[in-house]
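Asks: First the structure, then my questions, so here it is.
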Amino acid sequence: MQRIWSVVLSVWAMLAIVAVLAWSHRPAPAPPPQAAARTIVVQTPNGKRQFVVVQPAALGASHATTQTSGVPR
Amino acid sequence: MSAHLERIAFRAVGTDCSAAVTAGGADLRRARRALTAAHAEVAACEAALSRFDPSSDLSRLNRDAGSWVAVDVRLVEALRLALHARVATRGRFDPTVLPALVAAGYDRSFELLEERPPRQTDGWRAGAAVEVDEHGVRARIDAGAALDLGGIGKGYAAARALEAMRDAWPSLPGALVDLGGDLALWGSTPEGGPWRIDVLDPRSPGATAGRLLLSGGGVATSGRDVRRFGPGRSLHHLIDPATGEPAKPGPLAVTVVAGHAAEAEAHATALAISSPADARAHVVANPQIAALVVPHVGEPFGLGALPLARTRVLVRAA
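From first to last, the protein sequence lines stand for chains U and D. Take the working numbering: the final residue in the first sequence is number 73, and no numbers are missing along the way. Take the working numbering: the final residue in the second sequence is number 391, and no numbers are missing along the way.
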């Protein structure tokens, strides 16, 4: 009888260890999808073509422009 | 609710201005408080630094040249930065150029200028003494000298306005102040990345000479493409302190990126009167700045570690 109980306890202990390990080694959540880098073709004034990689952060409308400040009113 | 850009636009320092903050839906009240603070700070800087306002602190200092004058703390700080820039640019930026600027014809606010030939500067020389007493919040300039902070004032005001926004909303995620194209910025955009700043190409309306990606610091552009005056619009406002006349060497426009918007503007002023070789040597001597130069003829070129959006050229085909 004692042997049966020790087997049962061993099985439960092993299941507990497996559960703890599974909990602590959960797969990391998938990162949010990132915008991919984009390759664009640039035509220079002298007729040469350049393939340029543009960072994802560079895409989209500008937040501001810089230029020589306008003539005051 | 996702973040968005909360923005105000206003006229100040003689040009179109705006301020913007990155704000979520629950941040609207804090965002508006920050934007109001930015607007108020720009107005306070203009009241202290404008040479066209006879009641400004700068105008009082110019009128009482030779004596100590109690002035607003903003003028004290701007003068300290201007003097530092005069040393860093080896005199190519000099706040004491006002007598030469007036002799050239830029003697009143730009919209009121009358066409007249330039006058002689009557022995004017750059480098007049400017003393700043930061503890006493006062300043003194040489008798006969006069200051113009046009080459640093907008950048300084933009940086102050940015600080005012951060004081009004300490946890704000990102902000940008734009005073006629001179910018101070910090933090992140509503999309979570850096600020995208397009450098306009003055040679072709609507075209850009490059795109900058920035998360802090200042950007300023100076050039001879806009403020022209005198007979046949042959003169411009960029005085060469070495000659006391509108500068002959220099590109059409130059954009500078630096850690502080006032520093960016002062160095942009200096590079706008520099030959290409001098400009290269200047950026090598001041590695904390980078510049995008738009020449009169030819392709724009970068100097220093310019944070341009284009990352690398993969293939160069004939």
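Cβ atoms here follow ideal geometry from the backbone N, Cα and C, with glycine treated the same way.
With a cut-off of 8 Å, do at least 3 Cβ pairs link the segment 104-123 of chain D to the segment 234-247 of chain D?
Replies: The segment 104-123 of chain D vs the segment 234-247 of chain D: in contact.
Asks: At a Cβ threshold of 9 Å, is Ala64 of chain U touching chain D?
Replies: It does: the Cβ of Ala64 of chain U has a partner Cβ on chain D nearer than 9 Å.
Asks: Are Gly228 of chain D and Gly260 of chain D close, meaning C-beta to C-beta below 9 Å?
Replies: Cβ atoms of Gly228 of chain D and Gly260 of chain D: not closer than 9 Å.
Asks: I'd like to check one pair, Leu245 of chain D with Val94 of chain D: are the Cβ atoms closer than 9 Å?
Replies: Against a cut-off of 9 Å, the Cβ pair of Leu245 of chain D and Val94 of chain D comes out as a contact.
Asks: So what's Ser91 of chain D in DSSP terms, helix, strand or just coil?
Replies: Looking at Ser91 of chain D - three-state DSSP - the assignment turns out to be strand.
Asks: How long is the line joining the alpha carbons of His340 of chain D and Asn135 of chain D, rounded to whole angstroms?
Replies: Going from the Cα of His340 of chain D to the Cα of Asn135 of chain D covers about 24 Å.
Asks: For the segment 5-31 of chain U, list every residue whose C-beta sits within 7 Å of some C-beta in chain D, in sequence order.
Replies: Answer in chain order: no residues at all.
Asks: Look at the alpha carbon of Ala85 of chain D and the alpha carbon of Thr68 of chain U, and state the distance between them as a whole number of angstroms.
Replies: Distance between the alpha carbons of Ala85 of chain D and Thr68 of chain U is about 15 Å.
Asks: Does the CB of Thr109 of chain D have a neighbour CB from chain U at under 9 Å?
Replies: Closer than 9 Å: no.
Asks: CA-CA distance, Gly371 of chain D and Val292 of chain D?
Replies: C-alpha separation (whole angstroms): 23 Å.
Asks: Within 10 Å of its beta-carbon, does His25 of chain U have 16 or more other beta-carbons around it, so buried, or fewer, so exposed?
Replies: Counting Cβ neighbours within 10 Å, His25 of chain U comes out exposed, since fewer than 16 surround it.
Asks: Indicate whether Arg80 of chain D and Ala61 of chain U have their beta-carbon atoms separated by less than 9 Å.
Replies: Against a cut-off of 9 Å, the Cβ pair of Ala61 of chain U and Arg80 of chain D comes out as no contact.
Asks: Using a beta-carbon distance cut-off of less than 7 Å, what residues from the segment 236-259 of chain D approach chain U?
Replies: Under the 7 Å Cβ criterion, the segment 236-259 of chain D contributes Leu249, Asp251, Gly253, Gly254, Asp255, Leu256.
Asks: Jot down the residue ranges of each uninterrupted alpha helix (DSSP H) in the segment 112-162 of chain D, minimum 4 residues, whole runs only, in chain order.
Replies: Counting whole runs of 4 or more residues, the segment 112-162 of chain D contains the alpha helix (DSSP H) stretches 130-136, 146-161.
Asks: Report the partner residues of Leu78 of chain D according to the DSSP bridge assignment.
Replies: Paired residue(s): D:Thr95.
Asks: Would you mind telling me which residues of chain U sit closer than 8 Å to Pro275 of chain D, beta carbon to beta carbon, in chain order?
Replies: Going along chain U in sequence order, the residues near Pro275 of chain D (Cβ under 8 Å) are Gln67, Thr68.
Asks: Give the residues from the segment 210-238 of chain D that approach chain U closer than 9 Å (Cβ to any Cβ), ordered along the chain.
Replies: Within the segment 210-238 of chain D, the residues whose Cβ lies closer than 9 Å to some Cβ of chain U are Lys227, listed in chain order.
Asks: Is Ala241 of chain D near Arg103 of chain D, with beta carbons less than 9 Å apart?
Replies: Yes. Within cutoff.
Asks: May I have the straight-line CA-CA distance separating Ser295 of chain D from Gln50 of chain U, to the nearest angstrom?
Replies: Roughly 29 Å between the two C-alpha positions.
Asks: Quick check on the burial criterion: 16 or more other C-beta atoms within 10 angstroms. Buried or exposed for Trp197 of chain D?
Replies: With 16 or more other Cβ atoms within 10 Å, it is buried.
Asks: So for Pro32 of chain U, helix, strand or coil by DSSP?
Replies: At Pro32 of chain U, the pLDDT of 48 sits below 50, so the modelled position is not reliable; the number obtained from the coordinates is stated separately. Coil, per DSSP.
Asks: Nearest CA to the CA of Asp215 of chain D: which residue from D:Asp130, D:Gln361, D:Gly139, D:Asp255?
Replies: Nearest option by C-alpha distance: D:Gly139.
Asks: Please tell me whether Tyr179 of chain D has its Cβ less than 9 Å away from any Cβ of chain U.
Replies: It does not; no Cβ of chain U falls within 9 Å.
Asks: In chain order, which continuous runs of the alpha helix (DSSP H) of length 4 or greater are located wholly inside the segment 215-266 of chain D?
Replies: Fully enclosed alpha helix (DSSP H) runs of 4 or longer: 226-241.
Asks: Give the DSSP-derived three-state secondary structure of Pro319 of chain D in the structure shown.
Replies: In the structure shown, Pro319 of chain D sits in a strand (DSSP, three-state: E or B).
Asks: Are the CB atoms of Leu344 of chain D and Val367 of chain D within a distance shorter than 9 Å?
Replies: No.
Asks: Go to Glu204 of chain D, then tell me how far its beta strand (DSSP E) extends in each direction, as first and last residue.
Replies: Element bounds for Glu204 of chain D: 203-206.
Asks: To the nearest angstrom, how far is the alpha carbon of Glu338 of chain D from that of Gly47 of chain U?
Replies: Distance between the alpha carbons of Glu338 of chain D and Gly47 of chain U: 35 Å.
Asks: Hey, how far is the Cα of Gly377 of chain D from the Cα of Val20 of chain U?
Replies: Each residue's Cα considered, the two are about 54 Å apart.
Asks: Checking 9 Å against the spacing of the C-beta atoms, do Ser91 of chain D and Asp251 of chain D come in under that value?
Replies: Yes; because the gap between Cβ atoms is below 9 Å, this pair is in contact.
Asks: Under 9 Å, Cβ to Cβ, is there at least one residue of chain D near Pro56 of chain U?
Replies: Yes, because at least one Cβ of chain D sits closer than 9 Å to the Cβ of Pro56 of chain U.
Asks: Is Glu264 of chain D close to chain U? Criterion is C-beta to C-beta, closer than 9 Å.
Replies: Output row for Glu264 of chain D: interface = yes.
Asks: Nearest to Gly332 of chain D by alpha carbon, out of D:Gly323, D:His355, D:Leu258?
Replies: The shortest Cα separation from Gly332 of chain D among D:Gly323, D:His355, D:Leu258 belongs to D:Leu258.
Asks: Whole angstroms are fine: how far does the CA of Glu204 of chain D sit from the CA of Arg133 of chain D?
Replies: Between Arg133 of chain D and Glu204 of chain D, the C-alpha separation is close to 15 Å.
Asks: Taking only three categories from DSSP, how would you classify Asp313 of chain D?
Replies: Three-state result, Asp313 of chain D: strand.
Asks: Taking C-beta to C-beta, are His355 of chain D and Arg165 of chain D nearer than 9 Å?
Replies: Yes, these two residues count as a Cβ contact at 9 Å.
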